[in-house]
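In the numbering used here, the protein residues as written are 678 to 892.
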Amino acid sequence: MATALNAGAEAVQVFSDVQELMAVSEKWPADKRIRVGERGGKKVEGCDEGNSPLNFTSEAVKDKRLFMTTTNGTRCLQRIQNAKVVLAAALVNRRSVVEYLKTNKPETIWILGSGWEGSYSLEDTVCAGAIAHTLITETNSLPDETVGNDEVFGAISLYLQWEQKLYELLNSASHGKRLQRLECYEDLKYCSQTDTLDILPIQKEPGVLIRASRI
678 MATALNAGAE AVQVFSDVQE LMAVSEKWPA DKRIRVGERG GKKVEGCDEG
728 NSPLNFTSEA VKDKRLFMTT TNGTRCLQRI QNAKVVLAAA LVNRRSVVEY
778 LKTNKPETIW ILGSGWEGSY SLEDTVCAGA IAHTLITETN SLPDETVGND
828 EVFGAISLYL QWEQKLYELL NSASHGKRLQ RLECYEDLKY CSQTDTLDIL
878 PIQKEPGVLI RASRI
């Protein structure tokens, strides 16, 4: 999502169900839509793209709306779409997320990992740890005052252990192994980078994320 919006996509609209995505996107002009579907790391039949960020170039997505369904991420976003503020975070746009939180100072912050089919995932946990650690460090907050739960403490610990070896960690994760079997090596390299995109995907209406105005 961050990559597509950074490349000039008009918005990303998320769906948990493929059939719903097809029905809603059918009402959109064909030259202004891209259907993005992924299940098990593979592109969904009938969709234009899978979930590889490397395909979301400016030439491909500029001024278009992405109608997206994925195995985990879009389902998570749909479940929290009624929250007051919803941001989409990844390692690549960690800095933008942290700056938003530092500027707006929300009373409560929930960092939700989409996981893998309802289970734990290393890549989501290390991303959560990267965000939490940076926020705590830069606001001079003590972890026990700011965190207060074992999950975030564990996520920060994971990040600090692997901070200099994120690509190695993602390759060792179960989803990393899954992507290796699909020969998505460059995707893993791309997603293991930190702070490479100055972009903040923010929900403007339920299920629709756009590029936030500069903080």
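For each residue, glycine too, the CB sits at the ideal point set by N, CA and C. Computed from a predicted structure; not experimentally measured.
With respect to the 7 Å criterion, I887 and A688 are classified as neighbours on the basis of their beta carbons. Excluding its 5 nearest sequence neighbours in each direction, N732 has C-beta neighbours in its own chain below 7 Å: E726, listed in chain order.
With fewer than 16 other Cβ atoms inside 10 Å of its own Cβ, T734 counts as exposed.
DSSP, read as helix, strand or coil, puts K881 in strand. In terms of CA proximity to E697, G714 leads the group A684, A686, G714 and Q758. By the 16-neighbour rule on beta-carbons within 10 angstroms, I876 is buried. In this structure, N749 sits near G792, with a CB-CB distance shorter than 7 Å. Contact between G806 and A832 holds: their C-beta atoms lie close to 3 Å from each other, under 8 Å. In the DSSP assignment, W705 forms no beta bridge with any residue.
Between the alpha carbons of K782 and R756 lies a distance of about 23 Å. Annotation for A684: no alpha helix (DSSP H) segment contains it, and DSSP assigns it neither H nor E. Burial of Y836 is indicated by the presence of at least 16 other C-beta atoms within 10 angstroms of its C-beta. Of the residues assessed, D694 falls on the exposed side of the cut-off, its CB having fewer than 16 other CB atoms within 10 angstroms. CA-CA distance, E815 to K779, rounds to 8 Å. When secondary structure is reduced to three states using DSSP, I786 falls in the coil class, being assigned neither helix nor strand.
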